[in-house]
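Novice:
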Amino acid sequence: MTNKIVIDPVTRVEGHGKVTIHMDDNQKVEEARFHIVEFRGFEKFIQGRPYWEAPVLVQRLCGICPVSHHLAAAKAIDQIVGAHQLSAVGEKMRRLMHYGQVLQSHALHFFYLAAPDLLFGVDGPVEQRNIVGVIQQHKDLALKGIKLRKYGQEIIKATAGKKIHGISAVPGGIHKNLSRKECDLFINGSSELASLKDCIDWNQEVIDFMIDYHKKNKSWIDSFSVFDSNHLGLIGEDGALELYHGNLRALDSKGRAILNDIDYTDYLDHFEEDVKEWTYLKFPYLKKHGPQNGWSRVGPLARLNICDHINTPLANERLEQYRKFAGEKIINKSLYYHWARLIEMLHCLEMIETLLHDSDLQSNNLIVTGKRQKTGIGVIEAPRGTLIHHYEVSEKDEITRCNLIVSTTHNNMAMNKAVELVAKKSLEGQEKISEPMLNEIEVAIRAYDPCLSCATHAMGEMPLDVKVLDSRGHELFGRKK
Amino acid sequence: MNTLLYGIGNSLRGDDGLGEAFLENCTLPFDKYFQFQLNIEDAELFSKYDRIIVVDAIKNIKTPFIFEKLGPQYDNSFTTHSLKPQSVLALTEKLYNKKPQLYLLGIYANQFEMNKGISPAASEGLKKALLFMNNFITQEQKGHYRN
Numbered sequence: 214m215t216n217k218i219v220i221d222p223v224t225r226v227e228g229h230g231k232v233t234i235h236m237d238d239n240q241k242v243e244e245a246r247f248h249i250v251e252f253r254g255f256e257k258f259i260q261g262r263p264y265w266e267a268p269v270l271v272q273r274l275c276g277i278c279p280v281s282h283h284l285a286a287a288k289a290i291d292q293i294v295g296a297h298q299l300s301a302v303g304e305k306m307r308r309l310m311h312y313g314q315v316l317q318s319h320a321l322h323f324f325y326l327a328a329p330d331l332l333f334g335v336d337g338p339v340e341q342r343n344i345v346g347v348i349q350q351h352k353d354l355a356l357k358g359i360k361l362r363k364y365g366q367e368i369i370k371a372t373a374g375k376k377i378h379g380i381s382a383v384p385g386g387i388h389k390n391l392s393r394k395e396c397d398l399f400i401n402g403s404s405e406l407a408s409l410k411d412c413i414d415w416n417q418e419v420i421d422f423m424i425d426y427h428k429k430n431k432s433w434i435d436s437f438s439v440f441d442s443n444h445l446g447l448i449g450e451d452g453a454l455e456l457y458h459g460n461l462r463a464l465d466s467k468g469r470a471i472l473n474d475i476d477y478t479d480y481l482d483h484f485e486e487d488v489k490e491w492t493y494l495k496f497p498y499l500k501k502h503g504p505q506n507g508w509s510r511v512g513p514l515a516r517l518n519i520c521d522h523i524n525t526p527l528a529n530e531r532l533e534q535y536r537k538f539a540g541e542k543i544i545n546k547s548l549y550y551h552w553a554r555l556i557e558m559l560h561c562l563e564m565i566e567t568l569l570h571d572s573d574l575q576s577n578n579l580i581v582t583g584k585r586q587k588t589g590i591g592v593i594e595a596p597r598g599t600l601i602h603h604y605e606v607s608e609k610d611e612i613t614r615c616n617l618i619v620s621t622t623h624n625n626m627a628m629n630k631a632v633e634l635v636a637k638k639s640l641e642g643q644e645k646i647s648e649p650m651l652n653e654i655e656v657a658i659r660a661y662d663p664c665l666s667c668a669t670h671a672m673g674e675m676p677l678d679v680k681v682l683d684s685r686g687h688e689l690f691g692r693k694k
Numbered sequence: 002m003n004t005l006l007y008g009i010g011n012s013l014r015g016d017d018g019l020g021e022a023f024l025e026n027c028t029l030p031f032d033k034y035f036q037f038q039l040n041i042e043d044a045e046l047f048s049k050y051d052r053i054i055v056v057d058a059i060k061n062i063k064t065p066f067i068f069e070k071l072g073p074q075y076d077n078s079f080t081t082h083s084l085k086p087q088s089v090l091a092l093t094e095k096l097y098n099k100k101p102q103l104y105l106l107g108i109y110a111n112q113f114e115m116n117k118g119i120s121p122a123a124s125e126g127l128k129k130a131l132l133f134m135n136n137f138i139t140q141e142q143k144g145h146y147r148n
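Top to bottom, those sequences are chains A and B.
If you count the first sequence from 1, you need to add 213 to reach my numbering.
If you count the second sequence from 1, you need to add 1 to reach my numbering.
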């Protein structure tokens, strides 16, 4: 007879998911799965709409990382209108928007979702392990987190028109520039907004905190949810970390190239998606390596694994420190995602600084056009990883096909692997399943910062659950939030 | 009184657009702010006002609208997709040592389909809520209401 444990919903992640763990009579894990049970609909929903609506419509599948969808769709639609090279202001305004988005999304995840586990411990009092607990016990840290996130959101508002579901990226460019006065406000700050320097200083402080945390918890971090995988992401031409535009690179767990800096418009030649009957989330993989060996991790950990360096000095220094601490270039330890995320925040702040001093942002050459095409493919590194938008458009300008492969989808196999490993380590042989044991499973998932609404392109309300069931499918333990 | 009208919702989802519609139609001389949902950083925004009136679509009420004063309340079940006004108020007190008054103006809503606009029943509630708010503020200015 097997027992089944259900965690439903998984908490402090974006959207709603469920974990089920089947235990046998000897308290061994037979099977552990991370299910996404939301309705998938946007790929169908968008069909028949005029192509120029895609950047505004598709982003509405998410309220957390809409900028990434807005920009990935815009990049794809640029190809439809034949705009293969944007104007300087078009490219730089979009980049600024994107760095603001990654900054605010990573800040949200670190301060609001991950920090409670790091500050109070995975087995800390459950009533304390939340953002309210962080605010009550670490007010200064919480205030800095709020200001960092706000900084990113204000960048988005200034470049996209709104904090959520912006409208400024249009086919072939951008519909607004940024005045010198606006740029100076972001550099110097105001009574309402932190200065750029303060943001960089705070980010550095948090990285120092993270290093200290790793030193104090090294044995746990180095053994928690560690498994080999491939790592995938965009890469700059010089091998630098690239969040906005580049080629696709994948390395295996030892650092060997398995996808060698390809043009992302050729993605269909290299990728396929597997489906399972127990989840709406697909399983993308590299065709050449098959579904079992071809899946990759994406996001901050993967991006820092595949890049040769970072082209901003402070972040690059932190990257070297990070690799030196880990003692390896390719890191396969899930909890390093948090540290990698903070380094990317620093990179974003440095890129924002560079762009804010660039007079191209005041140019009025906002939109370019070219020869109309039927197909557009846009790829961007969203906060959670590689995001692919692909549209086919008819002669009547209607979208006839849409394919979205979102970051969390790439991480699907990795999250399932993480759940299985942690379940085996924490639950096997235990007579009684405690809340901290189940939280360990959530901690493993949380490291990936999954966005479940994005992953299924959901429309509607979203819950996330954990359950343990016996061999007959009866629920033995569960939690739902 | 330094007052903020804070509308919540998604105007693409039928009656969920009531918060935004209220702000567009309200002529009171208050600051107005609209978002899809409340966020933790709104605690900072709340701290700058004496009074915040949150306007949102509400299901399962038997009247065209409700208007009630809310107190601070910590909510441990925080997700980034859902934060109660009372929780933001509690965070405002904790983080910024400010205690603004907080009210909820909830307007009856019953359909949330894409691109359907505001339903006739919700529109009726919206009109009544706008009238009520105008009267409430007028009476307050005459000194008829005390908090």
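Built from N, CA and C at the ideal position, the CB exists for glycine as well.
(1) What distance in whole Å lies between the Cβ atoms of LYS360 of chain A and ALA407 of chain A, which are believed to be in contact at a cut-off of 8 angstroms?
(2) Using C-beta distances below 7 angstroms, list every residue in its chain close to GLN586 of chain A, excluding the 5 sequence neighbours before and after it, in chain order.
(3) Do ALA373 of chain A and HIS282 of chain A have their CB atoms nearer than 8 angstroms?
(4) Need the endpoints of the alpha helix (DSSP H) that CYS396 of chain A sits in, please.
(5) At a Cβ threshold of 8 angstroms, is ARG262 of chain A touching chain B?
(6) Is it true that the CB of ASN416 of chain A sits closer than 8 angstroms to the CB of VAL511 of chain A?
(7) Expressed to the nearest angstrom, what Euclidean distance is found between the alpha-carbon atoms of ILE413 of chain A and ARG531 of chain A?
(8) Contact check, ASN448 of chain A vs LEU559 of chain A under 8 angstroms by CB: the rounded distance?
(9) Taking the alpha-carbon of GLY334 of chain A as reference, which of A:ASN430, A:GLN298, A:CYS396 and A:GLY303 has the nearest alpha-carbon?
(10) Pick helix, strand or coil for LYS217 of chain A, following the three-state DSSP scheme.
(11) Quick check on ILE348 of chain A - is its C-beta less than 8 angstroms from some C-beta in chain B?
(12) Closer than 8 angstroms between beta carbons: that is the criterion. Which residues of the segment 42-53 of chain B meet it against chain A?
(13) Taking GLY346 of chain A as part of the alpha helix (DSSP H), name the residues at either end of that continuous run.
(14) Just how far apart, CA to CA, sit GLY507 of chain A and TYR498 of chain A?
(15) Given a cut-off of 8 angstroms on the beta-carbon distance, is the pair GLY8 of chain B and LYS117 of chain B in contact?
(16) Since ALA245 of chain A and ALA636 of chain A are thought to touch, with beta carbons under 8 angstroms apart, how far apart are those beta carbons, to the nearest angstrom?
(17) Anyone know if the C-beta pair for PRO101 of chain B and TYR34 of chain B falls short of 8 angstroms?
(18) Mind the definition here: the segment 387-399 of chain A touches the segment 302-313 of chain A only if three or more C-beta pairs lie below 8 angstroms; say whether that holds.
(19) How big is the Cα-Cα spacing for GLY591 of chain A and LEU316 of chain A?
(20) Can you pull out the residues from the segment 343-369 of chain A whose beta carbon lies closer than 9 angstroms to at least one beta carbon of chain B?
(21) Expressed to the nearest angstrom, what Euclidean distance is found between the alpha-carbon atoms of ASN524 of chain A and LEU454 of chain A?
(22) Can you list, in chain order, the residues of its chain with a C-beta nearer than 7 angstroms to that of LEU579 of chain A? Leave out the 5 residues immediately preceding and following it.
(23) Counting only Cβ pairs nearer than 8 angstroms, list the residues of chain A close to TYR7 of chain B.
(24) What residue from A:ILE556, A:ILE612, A:GLU605 and A:SER404 has the CA that sits closest to MET423 of chain A's CA?
(25) Could you give the distance in angstroms between the alpha-carbon of GLY673 of chain A and the alpha-carbon of LEU132 of chain B?
(26) Going by alpha carbons, who is nearest to THR588 of chain A out of A:LEU569, A:CYS615 and A:GLU563?
(27) Do ILE593 of chain A and GLY313 of chain A come within 8 angstroms of each other at the CB atom, strictly closer than that value?
(28) Could you name the residues of the same chain whose beta carbon sits closer than 6 angstroms to that of LEU600 of chain A, not counting the 5 residues immediately before and after it, in chain order?
(29) What's the gap between the Cα of ALA463 of chain A and the Cα of THR622 of chain A?
(30) I'd like to confirm the pairing. Which residues does DSSP put opposite ILE434 of chain A in its beta bridges?
(31) Tell me the DSSP secondary structure of PHE35 of chain B in three-state form.
(32) Using a beta-carbon distance below 8 angstroms, is TYR325 of chain A in contact with chain B?
(33) Just tell me which of B:SER48, B:VAL55, B:GLY20 and B:THR4 has its CA closest to the CA of LYS128 of chain B.
(34) Is there a Cβ of chain C sitting closer than 8 angstroms to that of LEU96 of chain B, yes or no?
(35) Report yes if the CB atom of ALA289 of chain A is closer than 8 angstroms to the CB atom of HIS603 of chain A, and no otherwise.
(36) Does LYS99 of chain B come out as helix, strand or coil in the three-state DSSP assignment?
Specialist: Per the coordinate set shown:
(1) For this step, residue 407 of chain A is matched to residue 194 along the first sequence. For this step, residue 360 of chain A is matched to residue 147 along the first sequence. ALA407 of chain A to LYS360 of chain A, Cβ: 5 angstroms. Contact.
(2) By 1-based counting over the first sequence, the position of residue 586 of chain A is 373. Answer for GLN586 of chain A: GLN292, ILE293 and GLY295, listed in chain order.
(3) Working through the first sequence from its first residue, we reach residue 373 of chain A at position 160. Working through the first sequence from its first residue, we reach residue 282 of chain A at position 69. No, these two residues do not count as a Cβ contact at 8 angstroms.
(4) Position 183 of the first sequence, counted from the start, is the residue given in the question as residue 396 of chain A. For CYS396 of chain A, the enclosing alpha helix (DSSP H) starts and ends at 393-401.
(5) By 1-based counting over the first sequence, the position of residue 262 of chain A is 49. Chain B, which has no Cβ nearer than 8 angstroms to the Cβ of ARG262 of chain A, makes this no.
(6) On the first sequence, position 298 is the one that residue 511 of chain A refers to. On the first sequence, position 203 is the one that residue 416 of chain A refers to. VAL511 of chain A places its beta carbon 8 angstroms or farther from that of ASN416 of chain A.
(7) Residue numbering aside, residue 413 of chain A sits at position 200 when the first sequence is read from its first letter. Residue numbering aside, residue 531 of chain A sits at position 318 when the first sequence is read from its first letter. Roughly 13 angstroms between the two C-alpha positions.
(8) In the first sequence, residue 448 of chain A corresponds to position 235, counting from 1. In the first sequence, residue 559 of chain A corresponds to position 346, counting from 1. Before going further, note that residue 448 of chain A is Ile rather than Asn in the sequence given. The beta-carbon separation of ILE448 of chain A and LEU559 of chain A, rounded to 19 angstroms, does not stay under the 8 angstroms limit for a contact.
(9) Within the first sequence, numbered from 1, the residue matching residue 334 of chain A stands at position 121. Closest by alpha carbon: A:ASN430.
(10) In the first sequence, the residue the question calls residue 217 of chain A occupies position 4. Strand, per DSSP.
(11) In the first sequence, the residue the question calls residue 348 of chain A occupies position 135. At least one CB of chain B lies nearer than 8 angstroms to the CB of ILE348 of chain A.
(12) Listed by position along the chain: GLU42, ALA44 and GLU45.
(13) Taking the first residue of the first sequence as position 1, residue 346 of chain A is located at position 133. The continuous alpha helix (DSSP H) containing GLY346 of chain A extends over residues 344-350.
(14) Stepping through the first sequence from its first residue, residue 507 of chain A is reached at position 294. Stepping through the first sequence from its first residue, residue 498 of chain A is reached at position 285. Rounded to the nearest angstrom, the two C-alpha atoms are 5 angstroms apart.
(15) Within the second sequence, numbered from 1, the residue matching residue 8 of chain B stands at position 7. Within the second sequence, numbered from 1, the residue matching residue 117 of chain B stands at position 116. The answer is no: Cβ separation not under 8 angstroms.
(16) Position 32 of the first sequence, counted from the start, is the residue given in the question as residue 245 of chain A. Position 423 of the first sequence, counted from the start, is the residue given in the question as residue 636 of chain A. Confirmed, Cβ separation roughly 4 angstroms.
(17) Here residue 101 of chain B corresponds to residue number 100 of the second sequence, with the count starting at 1. Here residue 34 of chain B corresponds to residue number 33 of the second sequence, with the count starting at 1. No, they are not a contact pair.
(18) By the Cβ criterion, the segment 387-399 of chain A is in contact with the segment 302-313 of chain A, since at least three pairs of Cβ atoms, one from each stretch, lie closer than 8 angstroms.
(19) Residue numbering aside, residue 591 of chain A sits at position 378 when the first sequence is read from its first letter. Residue numbering aside, residue 316 of chain A sits at position 103 when the first sequence is read from its first letter. One alpha carbon belongs to GLY591 of chain A, the other to LEU316 of chain A, and they sit about 21 angstroms apart.
(20) Cβ contacts with chain B: ASN343, ILE344, VAL345, GLY346, ILE348, GLN349, LYS352, ALA355, LEU356, GLY358, ILE359, LYS360, ARG362, LYS363 and GLN366.
(21) Reading the first sequence from its first residue, position 311 is the one you call residue 524 of chain A. Reading the first sequence from its first residue, position 241 is the one you call residue 454 of chain A. Whole-angstrom Cα-Cα distance: 7 angstroms.
(22) The residue you call residue 579 of chain A lines up with position 366 of the first sequence. Cβ within range, chain order: SER300, VAL302, GLY303, GLY386, ILE387, HIS388 and ASN390.
(23) By one-based count along the second sequence, residue 7 of chain B stands at place 6. None at all; the shortest Cβ gap to chain A is about 14 angstroms.
(24) For the purposes of this step, residue 423 of chain A is identified with residue 210 of the first sequence, where counting begins at 1. For MET423 of chain A, the closest C-alpha among the options A:ILE556, A:ILE612, A:GLU605 and A:SER404 is that of A:ILE556.
(25) To locate residue 673 of chain A, count along the first sequence from 1; it is residue 460. To locate residue 132 of chain B, count along the second sequence from 1; it is residue 131. Because the pLDDT of GLY673 of chain A is 39, which lies under 50, any placement of that residue in the model is unreliable, and the number read from its coordinates should be weighed accordingly. GLY673 of chain A and LEU132 of chain B: Cα-Cα distance of roughly 32 angstroms.
(26) For this step, residue 588 of chain A is matched to residue 375 along the first sequence. It is A:CYS615.
(27) Position 100 of the first sequence holds residue 313 of chain A. Position 380 of the first sequence holds residue 593 of chain A. By the CB criterion at 8 angstroms, GLY313 of chain A and ILE593 of chain A fall outside the cutoff.
(28) Along the first sequence, read from residue 1 onward, the residue named residue 600 of chain A stands at position 387. Taken in chain order, the residues that qualify are SER281, ALA285, ILE593, VAL619 and SER620.
(29) Along the first sequence, one-based indexing puts residue 463 of chain A at 250. Along the first sequence, one-based indexing puts residue 622 of chain A at 409. Taking the Cα positions, ALA463 of chain A is about 16 angstroms away from THR622 of chain A.
(30) To locate residue 434 of chain A, count along the first sequence from 1; it is residue 221. Assignment of beta-bridge partners to ILE434 of chain A by DSSP yields no partner.
(31) Sequence index remark: in the second sequence, residue 35 of chain B carries index 34 (1-based). Here PHE35 of chain B sits in strand by DSSP.
(32) Within the first sequence, numbered from 1, the residue matching residue 325 of chain A stands at position 112. True, the Cβ-Cβ gap to chain B drops below 8 angstroms.
(33) Position 127 of the second sequence holds residue 128 of chain B. Nearest of B:SER48, B:VAL55, B:GLY20 and B:THR4 to LYS128 of chain B, Cα basis: B:GLY20.
(34) In the structure shown, chain C does not exist; the protein chains are A and B.
(35) Taking the first residue of the first sequence as 1, we reach residue 289 of chain A at position 76. Taking the first residue of the first sequence as 1, we reach residue 603 of chain A at position 390. Yes. Within cutoff.
(36) Within the second sequence, the letter at position 98 stands for residue 99 of chain B. In the structure shown, LYS99 of chain B sits in coil (DSSP, three-state: anything other than H, G, I, E or B).
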